[in-house]
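There are 2 protein chains.
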Amino acid sequence: MSTDSRPAATARSRLRPLGPSRVTILDGFLAERQRVNRERTIPHGFDQLGRSGTLDNLRLAAGGDGRYRARADTSGATLPFLDSDVYKWLEAVGWELGRAPDPGLAAAADQAIGLVAAAQRPDGYLNSYVQVVGGVPHGDLAWGHEFYCVGHLIQAAVAWHRALADDRLLAIAVRAADRIDKEFGPTGRDGVDGHPGIEMALVELTRVTGDRRFLGLAARMLDLRGGGLLGEGRFGAAYWQDHEPVREAATVAGHAVRQLYLDCGAVDVAVELDDHALLAAVRRRWQDLMSTRTYLTGGMGSRHRDESFGDPFELPPDRAYAETCAAIASVMLAWRLLLATGEAGYADAIERAVYNGVLSGVSATGTRFFYVNPLQRRTRRAWEPPGHGERAPWYPCACCPPNLMRLLSSFEQYLATSDDTGIQLHQYATAEIHAEVAGGTGRLSVHTGYPWDGRVTVSVVQTPDRPWTLSLRAPSWCRSAAVTGPGGTEPLATGTGAAELSRRWKAGDTVVLELDMPVRVVEPDPRVDAVRGCVAVERGPLVYCVESADLPPETELEDLCWDPGREPATVPRPDIGDAVVGISVPVVRRRPAGSGTPAAGVAGAIPYFAWANRGAGAMRVWMPC
Amino acid sequence: MSTDSRPAATARSRLRPLGPSRVTILDGFLAERQRVNRERTIPHGFDQLGRSGTLDNLRLAAGGDGRYRARADTSGATLPFLDSDVYKWLEAVGWELGRAPDPGLAAAADQAIGLVAAAQRPDGYLNSYVQVVGGVPHGDLAWGHEFYCVGHLIQAAVAWHRALADDRLLAIAVRAADRIDKEFGPTGRDGVDGHPGIEMALVELTRVTGDRRFLGLAARMLDLRGGGLLGEGRFGAAYWQDHEPVREAATVAGHAVRQLYLDCGAVDVAVELDDHALLAAVRRRWQDLMSTRTYLTGGMGSRHRDESFGDPFELPPDRAYAETCAAIASVMLAWRLLLATGEAGYADAIERAVYNGVLSGVSATGTRFFYVNPLQRRTRRAWEPPGHGERAPWYPCACCPPNLMRLLSSFEQYLATSDDTGIQLHQYATAEIHAEVAGGTGRLSVHTGYPWDGRVTVSVVQTPDRPWTLSLRAPSWCRSAAVTGPGGTEPLATGTGAAELSRRWKAGDTVVLELDMPVRVVEPDPRVDAVRGCVAVERGPLVYCVESADLPPETELEDLCWDPGREPATVPRPDIGDAVVGISVPVVRRRPAGSGTPAAGVAGAIPYFAWANRGAGAMRVWMPC
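Which chain is which? The protein sequence lines are Z and E, in order. In my numbering, each residue carries its 1-based index in the first sequence increased by 321. In my numbering, each residue carries its 1-based index in the second sequence increased by 321.
Encoded structure:
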């Protein structure tokens, strides 16, 4: 068994992940988000899993007395996939306990693992909804989410195995996967889940167990999808990507999270089976997705009705769905494509999503969440019940909060990779990193004020006495950069993806990357109808927004226009957070229909991820000119 | 009993409707639409009611054998309101048979009426879904649509009574209403339907029967709504307008058709009970709706997810819901407000909705329909199954087609009214109109090429020998008009609502109204974010659109911009229909990202109502500049 191949193993990949033990984020922006996640969000999650009945559902499945709580609304819709929230939370706790012990978290996790173990049937089947509410196991693959839940169970088991070498969950997960393989394996039923996700988990299960049956089952499920097994459902076959074979579909379609999870599994299978055609299909879809259906914030999914991608360039800011889970899933997919190909553009996509559309999903306090992440909210809105529009402490469908937890708990693993030639830094944070390079261990110490400051200092702490290559990503947003190494300073040709410094390093060598970070005023693609005539401001990896909380009383955000005659400027925003850089945006006030005189002024813009921490006011990323 | 007070009775109204027998549309655009509706659409509807099982459901309710067909989709959602489609179709047939006999239609209607009669329980209860599928009568007021269906039954009964003095349906409707009044009347249960609609029908039932119990029941239902009887449901209490009392809600909210039907009932109750506060509440909501949430086409409802009004100025052209039924409901509500107040702005709203967002709901052939009426459709779109995007011959939820049928069948009733001082012409068509004016009957003959031509000639055919006032609406779109009467020609002060000519008329007198009809290039309200930087073209009452069917091959509509340096011009479009005036729109071709040279040209625009009769191509009303 292997303990260092999370998030995805080497196989035919171009780059190798370093796993949880080789990177530690020490300080700065990401360290603070990880601290809040560990100290506030994850304990809050355990509390909410208890209050909502989600943990108790597993107790009922183990034979306990009580009423199943599936968050049925009055229309009769029920949610059969709540077990997955427990598994995602457990995955996060696994990564956290691997980083450092915490008796309270460990006790909570032991309790949850005990419930999961007790709930599993002797034959391996495990799904509290079917076991308690009723129904035939695997009787409703389209909506039942049984494979989906097992997929998350496997991911939790893999985390506990890799981070802690604790295989309690792995034993449960293997039994659950065996049960599925027995029924749906090569000689069994044809079946795919209405919600993809198990495919990537099965590949990981092969990676940690060495049992290639699971990889084969994942490949079989990918081959079967697109053949119409799921039917049209309520939203058409494209909703669950069953409209076209996975190898053939030219564009993303349907439910955004479903598509992205599916493509994660496709990349994992492709690299394990050296399946170039399958990888090419995913890359083609990704390219189309990036160029036609991705919000400036990295958000994805334009439609509320079916949580789906819309038409190309259908990117409304106000009705953006941009589910937090979709942004997270895009990070998971971009990471897999980065490993498979080594292309820096995938790391750019991770950066844009994480710093904007992912982190917008959780409050500064770490205990309130957004499921939907729009790029505009009006001052006057459709009628809402009191309190609506605020971040919520939990959701009836609570997929996003524990998904945030597990991503943040494992995020140091997305910072760097290695290959036979050296070490690649993809995301910048003050951190320690070590990896095997040719001839021994390379150990790096990174210091930076990123994302507020563009200076990144990398010190070599340990190195073998042989040449290797240090690769530093040049973010695609950066138009001017320089790198200073032991050999002197050189301007960095931006747009090339990365600065590569090859030499026989010595301990104490230092490389300084200077990324110019001016305020950027960006215009939308003219094909994005919904934000025509607007501009947005960005700085470094961050997208900014104007919030009504920063406007004078009585000023409606809708009355303000960008003033192209004046320049934006940075301003410190300690009120928003440590070291936060805000932007002062030049605006003129436009009273519609000509009443009143335009008044020039400025509006304070803050990073988009930090919006909605000061009440349910108005906000916009795209400002009309 | 009264036979001449459809669509709404006099009561405390400012104007009196003329009823079905006093106006006949003889020729021209509206006559052709009525002909197609009678000869094609209504027979098609009977065929579809048969094929879909909707008629058969009533046979099952009467005790027949078979399986109920409620169009369940695979998610388990069922539609309990299909009986209403039969009633709306019957209402249309009632108006048609009143205009002229048709043995085929009469036989079909007799068959349907027989099924309805047989299905009714001895106690008056009538709902095929509950009777066949099961459930307790009135056990699920929120979603069951039982009152809603009885409302449509009553409207059909009123039509047959007024148009034909045939009271077979009226007897059934009175028994059904009695049954509801017994359970939900003044001393009974508190209950309102999740879908308003019965309120206006109950008022009409009082008007034709003289029994004020039904009016009282309608008033009681209005008073109860907003008190939380329906709960939050799936979309929140505002979805069914149960969030605030009907008298207090300042703005429209929730499901568009529900809100508009509710306000129709509120106006009807207000005029019957002389309830100024209730009428004022509806007028306030209407004013807000017109100024903040109405599409250029008169369409209403911005969101697909819950078929709801959105925020103020949330009017996306691509994802406009703009349900055909909502446009029809807006006509019904504007008509009631016109009668109640006499204000010409309401007739303007009827005109805009009918010529654009209503008629877009039915194909030129009369046999294919749109449920949703967007103002933009892209060349490249989200994945759709083959054939999707075309107009459909019927819908699983088929509320819109028979709603179109009944509106078109009764549309001559919306042309004119009378009051103590004379006759008011609100909509222009070649027609004969007679009404009681002071001292006798006034009979008018109207000739016009409207909406293609702005000349309207009104000849007095018969008149009492006493002065009275002929009132001709000056449409709000018209910026220059003149009226020539027996006393000479006068420029018409536009913006005043109407030209009023008072005199002692003589048979043979002629009045000519000349409405200038240049092409108008209109800009959106700057608060409508979704169409910023665009213009649209209108002419007369018609909104125009550019369709890909009129572009050269290989030209994508998305690559074209309006050229502000050149002028649009009218062009005959016999290919679209008799006398149709098209508009030649100056455009430049813009290849995104600067590739290629802009090429100047023109694109042919056609009336919006006529779009999507040439395949599932691209279309846009708002052209970027």
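Ideal Cβ placement from N, Cα and C applies to all residues, glycine included. None of these values were measured; they are calculated from a predicted model.
Beta-carbon contacts of residue i that lie in its chain and below 6 Å, excluding the five residues immediately before and after
i: GLY761/Z; result: PRO785
i: VAL414/Z; result: LEU426, ALA430
i: GLY710/E; result: ALA937
i: ALA602/E; result: ARG568
i: PHE505/E; result: GLY512
i: PRO566/E; result: GLY547
Inter-residue spacing [alpha-carbon to alpha-carbon] between residue i and residue j
i: PRO706/E; j: LEU581/E; result: 33 Å
i: SER792/E; j: CYS882/Z; result: 45 Å
i: TYR749/Z; j: ALA670/Z; result: 14 Å
i: ASP899/E; j: ARG354/E; result: 12 Å
i: PHE930/Z; j: VAL573/Z; result: 26 Å
i: ARG698/Z; j: ASP488/Z; result: 46 Å
i: LEU961/E; j: GLN432/E; result: Within the shown structure, residues of chain E are numbered from 322 to 946, placing residue 961/E beyond reach of any answer.
i: VAL675/E; j: LEU347/E; result: 18 Å
i: GLY806/E; j: TRP656/E; result: 28 Å
i: ILE363/Z; j: ALA643/Z; result: 23 Å
i: ALA914/Z; j: GLU877/Z; result: Residue placement at ALA914/Z cannot be trusted, given a pLDDT of 48 that sits under 50; what the coordinates show is reported in the next sentence. If you take the alpha carbons of ALA914/Z and GLU877/Z, they lie about 15 Å apart.
i: LEU610/E; j: SER623/E; result: 12 Å
i: TYR692/E; j: THR645/E; result: 6 Å
i: VAL437/Z; j: LEU526/Z; result: 18 Å
i: GLU672/E; j: MET940/E; result: 22 Å
i: THR508/E; j: ASN724/E; result: 34 Å
i: GLY547/Z; j: GLU520/Z; result: 15 Å
i: LEU403/Z; j: GLY371/Z; result: 12 Å
i: GLY515/Z; j: VAL471/Z; result: 13 Å
i: ILE434/E; j: ASP544/E; result: 33 Å
Under 7 Å by beta carbon: chain Z residues contacting residue i
i: ALA559/E; result: TRP704
i: GLY631/E; result: ALA703
i: ARG380/E; result: Result: empty, since nearest Cβ-Cβ is about 28 Å, beyond 7 Å.
i: GLU879/E; result: ARG848
Contact set between residue i and chain E, taken where Cβ atoms lie within less than 8 Å
i: HIS564/Z; result: TRP704, PRO706
i: GLY854/Z; result: ARG853, GLY854
i: ALA713/Z; result: Going along chain E, no residue has its Cβ under 8 Å from ALA713/Z, so there is no contact; the nearest lies around 14 Å.
i: ARG699/Z; result: ASP632, PRO633, PHE634, GLU635
i: ARG640/Z; result: ARG624, GLY631, GLU635, PRO637, ARG640
Contacts around residue i, its chain only, beta-carbon distance under 7 Å, and the 5 residues preceding and following it disregarded
i: ALA926/E; result: VAL858, TYR865, CYS866, VAL867, GLY903, ILE904, VAL906
i: THR395/Z; result: Per-residue confidence for THR395/Z stands at a pLDDT of 42, beneath the threshold of 50, marking its modelled position as unreliable; no derived number is given.
i: ALA382/Z; result: ALA440, SER449, GLN452, VAL453
i: VAL908/Z; result: LEU881, CYS882, TRP883, ASP884, GLY922, VAL923, ALA924
i: ASP595/Z; result: ARG333
Under 8 Å by beta carbon: chain Z residues contacting residue i
i: HIS625/E; result: ARG624, HIS625, ARG626
i: THR572/E; result: TRP704
Rounded distance between the beta-carbons of residue j and residue i, thought under 8 Å
i: LEU523/Z; j: LEU536/Z; result: 7 Å
i: ARG712/Z; j: ARG727/Z; result: Their Cβ separation, rounded to whole angstroms, is 19 Å, which puts ARG712/Z and ARG727/Z out of contact at 8 Å.
i: GLY445/E; j: ARG500/E; result: 3 Å
i: GLY770/Z; j: GLY349/Z; result: 7 Å
Contacting residues, own chain, Cβ-Cβ under 8 Å from residue i (five flanking each side not counted)
i: LEU485/E; result: GLY415, LEU418, GLY419
i: GLU753/E; result: VAL344, THR345, LEU347, ARG764, LEU765, SER766, VAL767, VAL782
Chain E contact residues for residue i, given Cβ-Cβ distances below 7 Å
i: GLU525/Z; result: Under the 7 Å cutoff, chain E gives no residues; its nearest Cβ is about 29 Å from GLU525/Z.
**OP:** Write down every uninterrupted run of the beta strand (DSSP E) in the region 871-928 of chain Z whose length is 3 residues or greater and which is fully enclosed by it, in chain order.
**Re:** Taking only runs of at least 3 residues, the beta strand (DSSP E) segments lying wholly in the region 871-928 of chain Z are 881-883, 890-893, 902-910, 921-928.
Subject >> In chain order, each beta strand (DSSP E) run of at least 3 residues that lies wholly inside the region 684-742 of chain E >> reply: Scanning the region 684-742 of chain E from its first residue to its last, the whole beta strand (DSSP E) runs of 3-plus residues come out as 737-740.
Original post:
Quick one: complete beta strand (DSSP E) runs, 3+ long, within the region 825-873 of chain Z?
Top reply: Qualifying beta strand (DSSP E) stretches, in chain order: 831-836, 840-843, 855-860, 863-868.
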